[in-house]
Amino acid sequence: MDMHLSSNNGLAVESDAVELNETELLSAGPARERLVVVGNGMAGMKTVEELLAKAPGRFDITVFGAEPHPNYNRIMLSPVLAGEKTFDQIVLNSREWYDANGITLLTGEPVEGIDRAGKTVVSQSGRVVPYDRLLIATGSMPFIIPVPGSTLPGVIGFRDLADVDAMLAAAEKGGRAVVIGGGLLGLEAANGLRVKGMDVTVVHLMPTLMERQLDPSAGMLLQRELERRGIEMLTGADTAEIVGNEWVSAVRLKDGRELPADIVVMAVGIRPNMALGKAAGLDCGRGIRVDDQMRTSDPSIYAVGECVEHRGLTYGLVAPLFDMAKVLAHDLAGGEGGAYAGSVTSTKLKVTGVDVFSAGDFSGGEGTEDIVFRDAARGVYKRLVLKDGKLLGAVLYGDTKDGAWYFSLLKDCADVSAERDTMIFGQGFGGGDAGDPNAAIAALPDSAEICGCNGVCKGTIVKAITEKGLTSLDEVKAHTKASASCGGCSGTVERLLAVTLGDGFTAAPKVKPMCKCTHHTHDQVRAAIVDRGLKTMAEVFQAMEWTTPDGCASCRPALNYYLLCAWPGEYRDDYQSRYINERAHANIQKDGTYSVVPRMWGGLTSAAELRAIADVVDKFAIPTVKVTGGQRIDLFGVKKEDLPAVWADLNAAGMVSGHAYAKGLRTVKTCVGSEWCRFGTQDSTGLGVKLERMTWGTWTPHKVKLAVSGCPRNCAEATIKDLGVVCIDSGYELHVGGNGGLHVRACDLLVRVATEEEVLEYTGAFMQLYREEARYLERTAPWLERVGLDHIKAALVEDPERRRALNARFLFSQTFSQDDPWAERAAKGVDRHEFNLLAEVG
Amino acid sequence: MENAVSESAIPETVWTQVGSIDDIPVLGSRVVRTADGDIALFRTAADEVFALEDACPHKQGPLSQGIVHGRRVTCPLHNWVIELATGEAVAPDEGRTGHVPVRVEGRSVAIALGEAKLSRGGCRKACGHV
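Chains as they are written, first to last, in the working numbering: chain A, 954 to 1795; chain B, 397 to 526.
This is the structure:
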């Protein structure tokens, strides 16, 4: 009757066991096999439930539980902590159920040892129970990082009801909680404690939350939402020590920060609880090793759940445990051919009001493609990863209703080529031809909000279109206010027009988007950054519905500049979004070497500087030295790895970066002026130096060159510069918007002023207006032609208050940009990786 | 290594440790110098690592100095976009640079130089790679 063992055995000991069992059973007649289950958790009890369903009464079952409770739904501990559920509501099997099924339940009685030869287990209280088959389902333990103080009272794991009770007791007193670990459990604990009124800080080692389940975009959205709920998030934070005498008092980070704490929740991960199996001599790796039938190295002993290692993997989610339990129950019930082959897992975060789902592999890899959908108004981010027409992974934030659908497509390895173009809209997306995005809009209910900024629903827009005979986006905007603010929904509104009017609609000529990652223009994106307070690139991607996970080489440098310009001192420059010249602080040449241009203020230099330059040229065997058009000296052919040493020598002689590589202030060219020249009307060189001192280091949409000529003979060629000053007897002429490049453009005269102070103020104001209004990579000349000289005059000449405000903003931003980047790299070791090889091999 | 027939004649892959994934900036690149020239290692936002010959198929621009986005890099010299996984130029540009198999175990990164499909003379092993 128990043939499955002999049918697939291969070990003599198994055959013996079968014979022995059969002999026993035959002789004992109706006597049942004894199944002892160690562990009253979800995996063990799922196995028992499945077994009872398949072969009721087959086994005489005894269950040991270490906790003093009946079996409960451990994954619902988070709602218990948050006060959304009571313990009774998460009990899976009551004591009555155990009785009704003839199961002996021994709670609060951990098993201490297994006597494999004698086939008995012994509990902590000394009870010895014999078994024919033994199932180990001891689950896992929270991993406590071994920092000093980790054993202090007040350091709590998040594993069982006792942990939840300890947290609730602490929360009752209020105070501060530090949660170490920004994964699934840590965030659920943090949310629960916050809901219970504690001040909560999450300390997470990695740069984004739940990095194993979410990609950086979804992780950012989650972080913002939890921060909005009042939870402080410290990412990239490494715990050094837990401080306290008799009870925890603080968590100290490796960077020296100390976070006061009344309790510390350690939720950095779990470890399979395999102590019992190990002590009994079972084969163990990271967990108790089992085969595809969940058998351990002892054929009478099985293991399921988080305590096992199967095919080299351990699991910490509920779905795999259930898969294992089904296979094992099938096997125990005498079935054949069942095999556990591992699980594809999916994750959902159980924080009320935060919808997060992920499944499969979304790290990508060769031949994969991304489909990204963002709906800024609804706070939705979806990313599907496809390969060879099949779904490989999915990350959903804000709208997870299609998670189960994606998960089933993923598990079934279904061919989704036909749905590829529309599947991102979800399963509910119906009607119309596949691939027709208008159908998705047509399928929306009238109550669906289209414009999040102004709260305009689909029904309102459709009604306006039909009743008022609207035919264009601008008309809809004017009548309903839909897409009148951020413009994020303008595409959706256009589709609504198309759906409502049919052939009667012709789309407005498209404005050129920033790049292929977005349908928004430079100006729309910039406006959104300022108006909606977007302060990181990830926030811009989400708010402006980028269709790529991390932008492209075209939009990233632009966004980095826009954010830097909008939030001086606040936005942290994104190094990897800069062109190589601005990362290496030198100009890349066609052979991969670099050129180095030290700053020469106003074109002035000295014997000491020239001597230092000569020494550098000799020391580093620099092949070419050239005088530039901007009155400086360019050293060509410098090897990248030599750059910091070259800079160190130039710094030592008092020279700093000339930013000859920057979308920023390059040079201020001067002629010699009244100090020497018989025609000079003013001190043009001195003014040039002052202008350069004021403007160096600034980041601008494109490069900026200034010049000061000492008289209208204009030897410094000031009238083909971005801003040129021409000195005259009565003062100074300011010329703007010139260019000596591809399309030569002479400047327009902006204004005549009397003093140097006015020149400086106008220059600062002009720079700032250009910084704030021009599009990235737009020089002043095309910018001026686009907006018109009158626009610039109105801002700078006719509105002194605005001029002063612009200048003040410029000077404020300069307080954050005037650090010599060469010195930071040469002396302080900033970005050392940029200049060193990773390795030299072969 | 799809071709099983030729695989039998090939010795086991030799992996050369080149450092930790943490040494490569996210969305950045580092260079490994080899006897056959520089190899650029790229790290994506999803922590994948790819290795390409550090030369654009266009004018041999150092791809390691480009901007990484998605699973592509844009060459710093003339903005060609190259697929990190294959070394293939993205249309409308045409060309391909050599690529080298990468293995990441834990945080440690290794490359298989022997399996490299370098543009200089193609694959160094007769294993059917184009």
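All residues carry an ideal CB built from backbone N, CA and C; glycine is no exception.
- Quick one: is A:S1078 buried, meaning 16 or more other Cβ sit within 10 Å of its Cβ, or exposed? Here the question's residue 1078 of chain A lines up with position 125 in the first sequence. Looking at its Cβ environment, which holds fewer than 16 other Cβ atoms inside 10 Å, A:S1078 is exposed.
- Enumerate in chain order the residues of its own chain whose CB-to-CB distance from A:D1743 is below 6 angstroms, with the five nearest sequence positions on each side excluded. What you label residue 1743 of chain A is simply residue 790 of the first sequence in a count that begins at 1. Correct list: empty, nothing qualifies.
- Would a C-beta distance cut-off of 8 angstroms place A:P1023 and A:T1073 closer than the cut-off? Within the first sequence, numbered from 1, the residue matching residue 1023 of chain A stands at position 70. Within the first sequence, numbered from 1, the residue matching residue 1073 of chain A stands at position 120. No, the pair does not count as a contact, with Cβ atoms beyond the cut-off.
- Message: For a cutoff of 8 angstroms on Cβ pairs, would you count A:Y1715 as touching chain B?
- Response: Position 762 of the first sequence, counting from 1, holds the residue named residue 1715 of chain A. No, A:Y1715 lies away from the interface with chain B (no Cβ there is under 8 angstroms from its Cβ).
- Cβ atoms of A:A1228 and A:R1069: under 8 angstroms apart, would you say? Here residue 1069 of chain A is taken as the residue at index 116 of the first sequence, counted from 1. Here residue 1228 of chain A is taken as the residue at index 275 of the first sequence, counted from 1. Their beta carbons are not under 8 angstroms apart, which means A:R1069 does not touch A:A1228 by this criterion.
- Message: Let me check understanding here. Comparing Cα to Cα, which of A:V1257, A:G1545, A:V1217 and A:V1493 lies closest to A:A1123?
- Response: The sequence position of residue 1123 of chain A within the first sequence is 170, counting from 1. Nearest of A:V1257, A:G1545, A:V1217 and A:V1493 to A:A1123, Cα basis: A:V1217.
- Query: A:S1093: which of A:D1352, A:T1459, A:E1686 and A:A996 sits nearest, CA to CA?
  - Reply: Locating residue 1093 of chain A in the first sequence gives position 140, counting from the first residue. Cα-wise, what sits closest to A:S1093 is A:A996.
- Own chain, CB closer than 7 angstroms to A:V1697, minus 5 neighbours either side, in chain order: For the purposes of this step, residue 1697 of chain A is taken as the residue at position 744 of the first sequence. The answer, listed in chain order, is I1673.
- Message: As a quick exercise: from B:Q413, B:C471 and B:S460, pick the residue whose alpha carbon is nearest that of B:D489.
- Response: The residue you call residue 489 of chain B lines up with position 93 of the second sequence. Comparing Cα-Cα distances from B:D489 to each of B:Q413, B:C471 and B:S460, the minimum goes to B:C471.
- Query: So, is A:F1765 buried or exposed, given that buried needs 16 or more other C-beta atoms within 10 angstroms?
  - Reply: Locating residue 1765 of chain A in the first sequence gives position 812, where the first residue counts as 1. So A:F1765 ends up on the exposed side.
- Given a cut-off of 8 angstroms, decide if A:A1220 and A:G1145 are closer than it, judged by their beta-carbon atoms. Looking up residue 1145 of chain A in the first sequence gives position 192. Looking up residue 1220 of chain A in the first sequence gives position 267. For A:G1145 and A:A1220, no; Cβs fall outside 8 angstroms.
- Query: Residues of chain B with a CB under 8 angstroms from the CB of A:Q1584: which are they?
  - Reply: By 1-based counting over the first sequence, the position of residue 1584 of chain A is 631. Those within 8 angstroms of A:Q1584 in chain B number zero; the least Cβ separation is about 27 angstroms.
- Message: Assuming the contact rule is C-beta atoms closer than 8 angstroms, B:V505 and B:V414 should be a hit. Round their C-beta distance to whole Å, please.
- Response: For the purposes of this step, residue 505 of chain B is taken as residue 109 along the second sequence, with counting starting at 1. For the purposes of this step, residue 414 of chain B is taken as residue 18 along the second sequence, with counting starting at 1. At roughly 6 angstroms, the Cβ-Cβ gap stays under 8 angstroms, so B:V505 and B:V414 are in contact.
- For A:C1518, which beta-bridge partners are listed by DSSP? Position 565 of the first sequence, counted from the start, is the residue given in the question as residue 1518 of chain A. Note: A:C1518 sits in no beta bridge, so no partner.
- Query: If you follow the beta strand (DSSP E) that A:P1083 is part of, which residue opens it and which one closes it?
  - Reply: Numbered from 1 along the first sequence, position 130 holds the residue referred to as residue 1083 of chain A. Note, A:P1083: beta strand (DSSP E), V1081 to P1083.
- Quick one: which residues of the region 1535-1553 of chain A get their C-beta closer than 9 angstroms to a C-beta of chain B? List them in chain order. R1536, A1537, I1541, K1543, D1544 and G1545
- Message: Let me see if you follow: with CB-CB separation under 8 angstroms, is B:W411 close to chain A or not?
- Response: In the second sequence, counting from the first residue as 1, residue 411 of chain B sits at position 15. It does not: the Cβ of B:W411 has no partner Cβ on chain A nearer than 8 angstroms.
- Query: Applying the criterion that 16 or more other CB atoms from any shown protein chain within 10 Å of the CB defines a buried residue, is A:R947 buried or exposed?
  - Reply: No statement about residue 947 of chain A is possible, as the shown extent of chain A runs from 954 to 1795 and does not include it.
- Item | Contact with chain B by A:G1320, beta-carbon distance below 8 angstroms | Locating residue 1320 of chain A in the first sequence gives position 367, counting from the first residue. Interface residue, yes.
- Euclidean distance between Cα positions of A:S960 and A:A1792: The sequence position of residue 960 of chain A within the first sequence is 7, counting from 1. The sequence position of residue 1792 of chain A within the first sequence is 839, counting from 1. Annotation note: pLDDT 33 at A:S960 (below 50); position unreliable, coordinate value reported separately. In a straight line, the C-alpha of A:S960 is about 55 angstroms away from that of A:A1792.
- Near-chain A residues of the region 429-442 of chain B (beta-carbon distance less than 9 angstroms), N- to C-terminal order: R429, T430, A431, D432, D434, I435, L437, T440, A441 and A442
- Message: Based on DSSP bridge pairs, tell me the residues matched to A:T1300.
- Response: Numbered from 1 along the first sequence, position 347 holds the residue referred to as residue 1300 of chain A. Bridge partners of A:T1300: A:S1311.
- Query: Under a three-way DSSP split, which group does A:T1154 fall into?
  - Reply: The residue labelled residue 1154 of chain A in the question sits at position 201 within the first sequence. Here A:T1154 sits in strand by DSSP.
- Query: What does A:T1501 touch in chain B if you count any residue whose Cβ is under 9 angstroms from its own?
  - Reply: In the first sequence, counting from the first residue as 1, residue 1501 of chain A sits at position 548. Here the neighbours are H465 and G466.
- What are the start and end residues of the beta strand (DSSP E) that includes B:T412? As a first step, residue 412 of chain B must be located in the second sequence, where it is residue number 16. Run containing B:T412: T412 to S416, per the beta strand (DSSP E) assignment.
- Ranges of the alpha helix (DSSP H) found wholly within the region 1516-1597 of chain A, counting only runs of at least 4: 1533-1537 and 1560-1572
- Would you list the residues sitting across from B:T440 in a DSSP beta bridge? Translated into the one-based positions of the second sequence, residue 440 of chain B becomes position 44. Bridge partners of B:T440: none, in fact.
- Would you list the one or two residues that DSSP bridges to B:F446? As a position in the second sequence, residue 446 of chain B is number 50, starting the count at 1. Partner(s): B:F438.
- Query: Does the distance from the CB of A:Q1529 to the CB of B:V422 come in under 8 angstroms?
  - Reply: Locating residue 1529 of chain A in the first sequence gives position 576, where the first residue counts as 1. Locating residue 422 of chain B in the second sequence gives position 26, where the first residue counts as 1. In contact: A:Q1529 and B:V422 (Cβ atoms closer than 8 angstroms).
- Query: Are at least three pairs of beta-carbons, each pair with one atom in the region 1552-1572 of chain A and one in the region 1502-1514 of chain A, less than 8 angstroms apart?
  - Reply: no
- Using a Cβ-Cβ cut-off of less than 9 angstroms, list which residues of the region 1159-1170 of chain A approach chain B; keep chain order. P1160, E1164, D1168, P1169 and S1170
- Query: Hey, A:T1249 and A:A1256: beta-carbon distance below 8 angstroms or not?
  - Reply: By 1-based counting over the first sequence, the position of residue 1249 of chain A is 296. By 1-based counting over the first sequence, the position of residue 1256 of chain A is 303. Yes, the pair counts as a contact, with Cβ atoms nearer than the cut-off.
- Item | Cβ contact check for the region 1529-1544 of chain A and the region 1743-1753 of chain A: 3 or more pairs under 8 angstroms | no
- Message: Suppose you measure from the CA of B:H465 to the CA of A:V1621; what does that come to, to the nearest Å?
- Response: For the purposes of this step, residue 465 of chain B is taken as the residue at position 69 of the second sequence. For the purposes of this step, residue 1621 of chain A is taken as the residue at position 668 of the first sequence. Distance between the alpha carbons of B:H465 and A:V1621: 35 angstroms.
- Task: Return the first residue and the last residue of the alpha helix (DSSP H) that A:V1280 is part of.
- Result: By one-based count along the first sequence, residue 1280 of chain A stands at place 327. Unbroken alpha helix (DSSP H) run through A:V1280: V1271 to L1285.
- Roughly how many whole angstroms lie between the Cα atoms of A:M1277 and A:M998? To locate residue 1277 of chain A, count along the first sequence from 1; it is residue 324. To locate residue 998 of chain A, count along the first sequence from 1; it is residue 45. A:M1277 and A:M998: Cα-Cα distance of roughly 12 angstroms.
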